Amino acid sequence: MSLSNDQVGHIARLARIALSDAELDATRAKLNGIFELIEQMQAVDTKGVEPMSHPQELATRLRPDLVTEPDRRDAFQKVAPQTEAGLYLVPKVIE
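Sequential numbering from 0 applies to the sequence shown in numbering that gives the first Met the number 0.
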């Protein structure tokens, strides 16, 4: 599939992009290159190939579930404007 300058101009107008004649030719060449690549990829026989979530077989590294920061809740509650029973009180916003 290849695009004409009229088609590229129409796409540019839809995208609200102003292209000069030189830019129109360059853009058409780039888009046609993209379409050629897509055609090449579609020509590859993929029967029997399972879909993959990642191109490489990678194992997910898991870190140990350990507490790495000290508990500073009391310090934060001391500087809060209002607290009650360990909760922060905020002004009512929605009636």
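C-beta atoms are modelled at their ideal positions from N, C-alpha and C, and glycine is treated no differently. All of these numbers come straight from a predicted model, not from anything done at the bench.
Considering only the alpha carbon of each residue, which of S3, A79 and V92 lies closest to D24?
S3
DSSP beta-bridge partners for L86?
E83
Could you give the C-beta distance for Y18 and A28, rounded to a whole number, given that I count them as a contact under 8 Å?
Before going further, note that residue 18 is Leu rather than Tyr in the sequence given. About 13 Å; that fails the 8 Å criterion.
Inter-residue spacing [alpha-carbon to alpha-carbon] between V7 and T26
8 Å
Whole angstroms is fine: what's the gap from K77's alpha carbon to K91's?
21 Å
E35: which of V89, A84 and M0 sits nearest, CA to CA?
M0
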